[in-house]
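Taking this note's numbering, I'd label the letters of the sequence shown as residues 1222 to 1338.
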Amino acid sequence: MAWLSTPAYLVDLFEKLNKLCLAQQGKQVNKLKTKEEFVTFSRRIQYWISAVQQNNCDCSQRLSDFLEEFEVDLGMEIRYGIKTHLSGLQQSLSDYFPIPENQDDYWAKNPLTIDEK
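Next comes the structure, spelled out in structure tokens:
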């Protein structure tokens, strides 16, 4: 019965990915907003990885509800699979949408906080 936790996790993940994709569409989208959303999503993935390692599934609502309703413990193998999947997703996101290390465009977001060079 524990194997059913994987589809519950995937449903939540695809819902979050869909929200990210929808946020990239529309008239109000710009480079700064897109960059910020991908950085935030990447940090969320890192948080989810650490949460799953600690057997905390609260970041995946359907998975958490499933485990609670059926009183099933998330096995080590499934946790490892989720962790591996999230790590791969994070790597793919950084490959397709690289985030430059410099903050040259930070002035556009907060123009009054930039120091002179």
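Note that the Cβ used here is the ideal one computed from N, Cα and C, for glycine as well. Just so you know, these numbers come straight off a predicted model, no measurement behind them.
Element boundaries [alpha helix (DSSP H), containing residue i]
i       : result
Gly1302 : 1297-1317
Ser1226 : 1226-1244
Ser1271 : 1252-1274
Ser1285 : 1282-1290
Given residue i as reference, the closest of the options once Cα atoms are compared
i       : options                            : result
Trp1224 : Val1260, Phe1291, Ser1308, Ser1315 : Phe1291
Ala1229 : Tyr1268, Ser1285, Leu1253          : Ser1285
Alpha carbon of residue i to alpha carbon of residue j, nearest angstrom
i       : j       : result
Tyr1317 : Met1297 : 30 angstroms
Tyr1301 : Thr1261 : 23 angstroms
Gln1274 : Gly1247 : 36 angstroms
Phe1270 : Leu1231 : As written in the sequence, residue 1270 is Ile, which differs from the Phe given in the question. Rounded to whole angstroms, Ile1270 to Leu1231 spans 14 angstroms at the Cα level.
Glu1236 : Pro1319 : 23 angstroms
Ile1303 : Cys1278 : 11 angstroms
Thr1227 : Ser1313 : 20 angstroms
Cβ pair residue i, residue j closer than 9 angstroms
i       : j       : result
Arg1283 : Asp1233 : yes
Leu1341 : Glu1257 : Nothing can be reported for residue 1341: it is not among the residues displayed for the chain, which extend from 1222 to 1338.
Leu1295 : Asn1276 : yes
Heavy atom of the ligand MN within 8 angstroms of residue i beta-carbon
i       : result
Ser1313 : Judged by which ligands are present, the structure shown has none, so any question about the ligand MN falls away.
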